[in-house]
Amino acid sequence: TGEPIPADLIAKIVAAENYQAAYFNVRQLLYGLNDMAWHSIDKPFEGDVELFERTAMAPAQVLPVVEGAAMSPAFSHIFAGGYAAGYYGYKWAEVLAADAFSLFKEKGIFNPEVAEAFRREILSKGGHEHPMTLYVNFRGHKPETKALIEKMGLEK
């Protein structure tokens, strides 16, 4: 239409940015726990899939379990496409991104020294050193969850 988006609509969009962030976070943790459990067994599985999932996801389960429901048979993401035992990587990537970006926010988004340190310590080294060593060289400490918790609006 060519009309600007009304300010009240923009305010609603911004207010909804972290809608259900806690639920989404827990869901990702549940998926990661389930993935790691399946890829940690050392012999062919012949048990109850529903019970296996419930046990694997119990440490992060905050909502009631739906009886008779098992996600594993339909969760091809963890069994096909190269993500076997790696689903946790989505949440870990969020932790790394938020923690790294917090340094940019602290020192200035366009701070050339921070940008150069990121290029020098992370981007240019690739797989030549352990990833945690590279990250600590850039950030000055191991990744912390604080920035992600704040980004998701869950610090309250």
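If you read the sequence shown in UniProt numbering, its first letter stands for residue 1, the second for the next number, and so on.
No residue lacks a Cβ here, since even glycine has one placed at the ideal position from N, Cα and C.
On a predicted model such as this, the values are computed, not experimentally measured, just so you know.
Proximity below 8 Å, CB of residue i to CB of residue j
i: V95; j: A60; result: no
i: A56; j: L29; result: no
i: E46; j: D99; result: no
i: F110; j: A147; result: no
i: L103; j: A21; result: no
i: A85; j: H130; result: no
i: M152; j: K142; result: no
i: F52; j: A37; result: yes
i: K125; j: V114; result: no
Supposed contact pair residue j and residue i - C-beta distance, whole angstroms, cut 8 Å
i: D35; j: I78; result: 4 Å
i: V49; j: P64; result: Incorrect: roughly 19 Å between the Cβ atoms, too far for contact.
i: E121; j: N137; result: 4 Å
Sequence-distant residues of the same chain with beta carbon closer than 8 Å to residue i, five excluded per side
i: K91; result: N25, Q28, L29 and G32
i: K43; result: none
i: I149; result: E155
i: A80; result: none
Buried or exposed by the 16-neighbour rule on C-beta atoms within 10 Å, applied to residue i
i: R119; result: exposed
i: L9; result: exposed
i: L123; result: exposed
i: Y23; result: exposed
i: Y87; result: buried
Residues of its chain near residue i, where Cβ-Cβ distance is below 7 Å and the 5 sequence neighbours each way are ignored
i: R139; result: D99, A100 and L103
i: A15; result: none
i: K62; result: According to the sequence displayed, residue 62 carries Val and not Lys. Cβ neighbours of V62 beyond the five flanking positions: V26.
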